[in-house]
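Structure first, commentary second.
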Amino acid sequence: EPEVTQTPSHQVTQMGQEVILRCVPISNHLYFYWYRQILGQKVEFLVSFYNNEISEKSEIFDDQFSVERPDGSNFTLKIRSTKLEDSAMYFCASSEGPSTGRSYGYTFGSGTRLTVV
Amino acid sequence: QKEVEQDPGPLSVPEGAIVSLNCTYSNSAFQYFMWYRQYSRKGPELLMYTYSSGNKEDGRFTAQVDKSSKYISLFIRDSQPSDSATYLCAMMASSASKIIFGSGTRLSIRP
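So the sequence lines, in the order shown, correspond to chains A and B. So in the numbering used here, the last spot in the first sequence is 117, and the numbers never skip. So in the numbering used here, the last spot in the second sequence is 1111, and the numbers never skip.
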């Protein structure tokens, strides 16, 4: 079964450093997402991306965050200057899109655990 | 009032029992309703999805949506120890919009 692949599985970084989280969505999917889950809290939406641009973002997704699809397969989340409170599991997800009628219920990756020290 | 409310549990039941998991929500714009299962340190895995009100059955799992009451449920029949996980309800207003998750119910099935 197709899956969303995320690397690395665990990243430790120092406060103030830049970090890039990488995702390979399912190949025929058109919509891409990042979510995060702080330990013990709910999964929260960060950003959605379609047709090479951000389609929606949450208030969490401030100027420190950016997303990019640098080639036909990768989808990245960059945090420019990490803070302690950015420590969380970051999940990438992808979906086919509404035109197929099966877009709801995205496929999530296994996540990257980001620890800011 | 929170947009999506879910009892965090934990919920512990004996193997073979019927499990009922529930969520309430406040946003009447939600049209798509999902249940995800999440194992420790893993991503959410889609179990069931329903559009608008009604019931949907898949094997031992049944999802129910009552939009008039803004209430959704997931029933697990003949529960197995392998069903032990955190169950997340989730909702969307449109088919490509963001998902709003509940806080998750931690379920444990005792052998």
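Note that beta-carbon positions come from the ideal geometry of N, C-alpha and C, so glycine has one too. Remember, predicted model here, so these are calculated numbers, not experimental data.
Residue i burial status per 10 Å Cβ neighbour count (16 or more: buried)
i	result
TYR106 of chain A	buried
SER1069 of chain B	exposed
THR112 of chain A	buried
GLU1 of chain A	exposed
ALA1029 of chain B	exposed
ARG1110 of chain B	exposed
GLY1102 of chain B	buried
THR115 of chain A	exposed
GLU10 of chain A	One detail in the question is off: residue 10 of chain A reads as His in this sequence, not Glu. HIS10 of chain A should be labelled exposed.
LYS1098 of chain B	buried
ASP86 of chain A	buried
VAL47 of chain A	buried
Per DSSP, the bridge partner or partners of residue i
i	result
HIS29 of chain A	DSSP output for HIS29 of chain A lists no bridge partner at all.
PRO2 of chain A	None; PRO2 of chain A has no bridge partner.
ILE1099 of chain B	Answer by DSSP bridge pairing: none, since ILE1099 of chain B is not bridged.
LYS57 of chain A	A:VAL47
ALA88 of chain A	A:LEU114
LEU985 of chain B	As shown, chain B starts at 1001 and ends at 1111. That puts residue 985 of chain B outside it, with no answer to give.
ALA93 of chain A	A:TYR33, A:PHE108
LYS1033 of chain B	It should be noted that the sequence gives Phe, not Lys, for residue 1033 of chain B. PHE1033 of chain B pairs with B:THR1050, B:MET1091.
GLU1005 of chain B	B:THR1024
THR7 of chain A	A:ARG22
SER1040 of chain B	SER1040 of chain B is not bridged to any residue.
8 Å contact criterion, which residue i and residue j should meet: CB distance rounded
i	j	result
TYR1087 of chain B	THR1062 of chain B	Contact flag wrong, Cβ pair sits at about 13 Å.
THR82 of chain A	THR13 of chain A	5 Å
GLU1045 of chain B	TYR1025 of chain B	Actually they do not touch by this definition, with Cβ atoms about 21 Å apart.
In chain order, what are the residue ranges of uninterrupted beta strand (DSSP E) at least 3 long that sit wholly in the region 1047 to 1090 of chain B?
1054 to 1058, 1061 to 1066, 1071 to 1076
Short of 8 Å Cβ to Cβ, which residues in the region 59 to 84 of chain A face chain B?
Within the region 59 to 84 of chain A, no residue qualifies.
Between the region 1039 to 1057 of chain B and chain A, which residues of the former have a C-beta closer than 8 Å to a C-beta of the latter?
ARG1041, LYS1042, GLY1043, PRO1044, GLU1045, LEU1046, TYR1049, TYR1051
To be precise: take each residue of the region 1071 to 1088 of chain B, compare its Cβ to all Cβ atoms of chain A, and keep it if any distance is under 8 Å. Which residues remain?
Residues are counted here when their Cβ sits less than 8 Å from a Cβ of chain A; for the region 1071 to 1088 of chain B these are LEU1088, given in chain order.
Using a Cβ-Cβ cut-off of less than 8 Å, give me the residues of the region 1006 to 1019 of chain B that come near chain A, in sequence order.
none
Taking a cut of 9 Å between CB atoms, which residues from the region 1089 to 1110 of chain B lie near chain E?
Protein chains A and B are contained in the structure displayed, whereas chain E is not.
Scan the region 7 to 35 of chain A for residues whose Cβ lies nearer than 8 Å to a Cβ of chain B and list them as they occur along the chain.
TYR31, TYR33, TYR35
If you measure beta-carbon to beta-carbon, which residues of the region 40 to 60 of chain A are closer than 7 Å to chain B?
LYS42, VAL43, PHE45, SER48, GLU56
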